[in-house]
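Here the structure is laid out as structure tokens; the discussion comes afterwards.
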């Protein structure tokens, strides 16, 4: 067994309730709840769920509802959203939902927020929004914060109960261009790009320089997010990434983001040149490999970025292999529960009970 270790930092999980070919969407949601218990047993810090609408490949359409189920099925891991897409909702309702979650599960709830809108024009019309709604994200963040803090609001006579007075950590999901909004809101930054591209690192620097302390957070906090796959060989780790890469390629060429397909079926496909281009692009920019390879890559990234936390977003059709990857990563990260279980074989017993 490798003795490689990643420098001390927190590791967390974002699970998007990815559906699998030939399986019902409800199964993906139940798997998310079970996966949260497995992540908790391994010692991961947070478990987040996501928001997608009318996407065949993703079952998670109501993140605060799913977060409640996850929190009820676990006991200590932090639970949140990665994220609630604020332009799709009224800020009052979002504040009320997180107020209820925090009241039911005090000290365990995270409020992760994004600014994406629906995938297609039809979805955006059904949600009652449009692409321009993203431009109001900064104002929405301020309005949402005010419902928790009792600060100035557009409707002073309206109170978000039971949210008012509660402290629910706010995280803003952003690309390099959105880091400024997280800084201005005084929120934690969640930014993609585990490959360590220069744009991501520059955005992190800008976020830290522009950060304004808020009632919900007094200092910058950076979470880097992306796919990490760990296996016994580099090739096996790469295979874990294949189903998601093909789903992305299919969405780019057919306009629909599909359920996950087994890697061996994808490898046997006769792809068009355009599909092949998107597929190969989808396999780049992730951290994958053996334990030694992944430990070296993550350790370097954490050093360069100064990240406070790593949010792992990997999904794959092969659930046992995926759990094996998260198990190996937890051991590399020195998560106490994973180290203890690797020594005593406890994880298999925990997973069996779940």
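Residue numbers (my numbering): 1082 to 1435.
For each residue, glycine too, the CB sits at the ideal point set by N, CA and C.
As the structure is a computational prediction, the values presented were derived from the model and not from experiment.
Check	Outcome
Rounded Cβ spacing between residue 1243 and residue 1181 (contact assumed at less than 8 Å)	7 Å
Reference residue 1269, options 1359, 1365 and 1285, closest by Cα	1285
Close Cβ partners of residue 1355 (< 7 Å) along its chain, the five nearest in sequence each way excluded	1334
Selected residue, minimal CA-CA separation from residue 1094, among 1111, 1127, 1385 and 1410	1127
From 1402, 1165 and 1132, residue whose alpha carbon lies closest to that of residue 1324	1402
Every unbroken beta strand (DSSP E) within the segment 1092 to 1149, with a cutoff of 3 residues, ordered by chain	1127 to 1130
8 Å Cβ cutoff met for residue 1151 and residue 1114	yes
Cross-strand partners of residue 1390 (DSSP beta bridge)	1091 and 1304
Nearest residue (CA-CA) to residue 1516, options 1158, 1311 and 1295	This structure cannot speak to residue 1516, because the chain is shown only from 1082 to 1435.
CB of residue 1131 within 8 Å of CB of residue 1226, strictly	no
Under 8 Å between C-beta atoms of residue 1134 and residue 1204	yes
8 Å Cβ cutoff met for residue 1163 and residue 1297	no
Inter-stretch contact at 8 Å, needing at least 3 Cβ pairs: the segment 1143 to 1161 / the segment 1220 to 1240	no
Residue 1248 classed as buried or exposed, judged by whether at least 16 other C-beta atoms fall within 10 angstroms	exposed
Enclosing alpha helix (DSSP H) for residue 1251 [first to last residue]	From DSSP, residue 1251 is part of no alpha helix (DSSP H) but of the beta strand (DSSP E) over 1251 to 1255.
First and last residue of the uninterrupted beta strand (DSSP E) at residue 1215	No beta strand (DSSP E) holds residue 1215; DSSP gives it neither H nor E.
N- and C-terminal bounds of the beta strand (DSSP E) containing residue 1194	1190 to 1195
Rounded C-alpha distance that separates residue 1368 from residue 1145	29 Å
Residue-level contact to chain C via CB, residue 1298, 8 Å cutoff	The structure shown contains no chain C, having only a single protein chain.
Beta carbon of residue 1304 nearer than 8 Å to that of residue 1390	yes
DSSP beta-bridge partners of residue 1311	1370
Proximity below 8 Å, CB of residue 1201 to CB of residue 1388	no
Whether residue 1193 touches residue 1328 by CB criterion (8 Å)	no
Three-state class that DSSP yields for residue 1066 in the structure shown	Since the first residue of the chain shown is 1082 and the last is 1435, residue 1066 is not available in this structure.
For residue 1199 and residue 1208, believed in contact at Cβ under 8 Å, the rounded distance	5 Å
Residue nearest to residue 1112 in terms of C-alpha spacing, selected from 1125, 1122 and 1096	1096
Neighbourhood of residue 1230 by C-beta distance below 7 Å, restricted to the same chain and skipping five residues each side	1296
Boundaries of the beta strand (DSSP E) in which residue 1443 is found, first to last residue	This structure gives no information on residue 1443, because the portion of the chain shown stretches from 1082 to 1435.
Inter-residue Cα distance where the pair is residue 1216 and residue 1256	14 Å
Whole-angstrom distance between residue 1344 and residue 1292, CA atom to CA atom	43 Å
Among 1102, 1382, 1086 and 1119, the one whose alpha carbon lies nearest that of residue 1399	1102
Residue 1405 - containing alpha helix (DSSP H), residue span	1400 to 1413
Buried/exposed call for residue 1353, threshold 16 Cβ in 10 Å	exposed
Between the CA atoms of residue 1287 and residue 1378 - distance to the nearest angstrom	23 Å
DSSP state of residue 1341 mapped onto helix, strand, coil	strand
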